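Worksheet: the structure to be examined is printed underneath.
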Amino acid sequence: KQEVTQIPAALSVPEGENLVLNCSFTDSAIYNLQWFRQDPGKGLTSLLLIQSSQREQTSGRLNASLDKSSGRSTLYIAASQPGDSATYLCAVGQAGTALIFGKGTTLSVSS
Amino acid sequence: EAGVAQSPRYKIIEKRQSVAFWCNPISGHATLYWYQQILGQGPKLLIQFQNNGVVDDSQLPKDRFSAERLKGVDSTLKIQPAKLEDSAVYLCASSLEGLGGNTIYFGEGSWLTVV
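So the sequences go chain by chain: A and B. Each residue of the first sequence is one higher than the one before, counting from 17 in the working numbering. Each residue of the second sequence is one higher than the one before, counting from 326 in the working numbering.
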């Protein structure tokens with residue numbers, strides 16, 4: 017059974033820092049991996065989608081990497097801003113199943 | 326392009342009462358999902374529809390939860406009777422198809438509190 021773990025559960029950083037969020041999964045037979053952002057009281061917004069054949073995806077200040085063989089993904093946020101404060105969720109897709117989510121990392125960026 | 330619409334946004338009910346949530350996916354999206362997200366947890370799939378057929382409902386507590394997507398467009402999730410542990414956000418999502426290459430889009434959720 018696939019399990020997705022995110023570390024740390026919470027993170028506080030000053031504005032301007034570069035930071036890394038970690039995601040690990042137990043079954044490497046994945047179809048893809050997605051990173052989502054969730055603001056308080058809101059739904060989920062897809063940030064980056066990495067197919068199993070890809071190693072990374074970039075969007076603006078965000079870069080996500082995928083190492084399928086080791087069961088790991090990282091989300092790198094460059095030059096963090098207070099507006100980046102949110103919960104970041106990692107989810108894996110496998111053939112024939114819907115996305116399986118981790119519990120998320122809650123990020124707080126102070127000005 | 327309109328996003329995934331859900332209603333009501335917030336609902337407070339007493340235990341043993343019933344509640345229904347409605348979802349209208351993005352136009353043209355064949356796959357619709359209902360997820361349950363308990364505070365501090367990641368979303369957990371309750372049910373997945375492909376058009377109007379059920380693909381996966383293995384984690385749906387069928388003694389109290391039901392869902393339908395009669396015309397392959399909008400969907401309703403019902404809970405009857407509700408328990409305290411059903412307090413959660415119910416997220417509806419849709420994608421073009423239920424394949425791994427498609428981005429999944431979430432609605433803003435329906436927040437349920439059972440007292």
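Virtual Cβ for every residue (Gly too), placed ideally from N, Cα, C. Fair warning: this is a prediction, and the values are worked out from it, not measured in the lab.
Test: residue i CB closer than 8 Å to a CB of chain A
i, result
"Phe431/B", "yes"
"Asp382/B", "no"
"Leu402/B", "no"
"Pro350/B", "no"
"Gln373/B", "yes"
"Tyr358/B", "yes"
"Thr438/B", "no"
"Gln405/B", "no"
Run of the beta strand (DSSP E) containing residue i, from where it starts to where it stops
i, result
"Arg71/A", "Where Arg71/A is concerned, there is no enclosing beta strand (DSSP E), given that its DSSP letter is neither H nor E."
"Thr121/A", "Thr121 to Ser126"
"Asn349/B", "Val344 to Asn349"
"Tyr360/B", "Thr356 to Gln362"
"Ile338/B", "Tyr335 to Ile338"
"Glu393/B", "Phe390 to Glu393"
"Ile23/A", "Val20 to Ile23"
"Ile372/B", "Lys369 to Gln375"
Beta carbon proximity, residue i to chain B, threshold 8 Å
i, result
"Leu60/A", "yes"
"Leu37/A", "no"
"Leu115/A", "yes"
"Gly120/A", "yes"
Test item: CB-CB of residue i and residue j under 8 Å
i, j, result
"Ala418/B", "Tyr335/B", "no"
"Gln458/B", "Ser435/B", "The question about residue 458/B has no answer here: the residues shown for chain B are numbered 326 through 440."
"Cys348/B", "Val379/B", "no"
"Cys39/A", "Gln22/A", "yes"
"Leu164/A", "Asp100/A", "No answer is possible for residue 164/A: it lies beyond the span of chain A, which begins at 17 and ends at 127."
"Gln67/A", "Asp43/A", "no"
"Leu35/A", "Gln50/A", "no"
Exercise for the section: Evaluate the contact criterion for the stretch 104-111 of chain A versus the stretch 394-412 of chain B: three or more CB pairs, one atom per stretch, below 8 Å. Expected result: no
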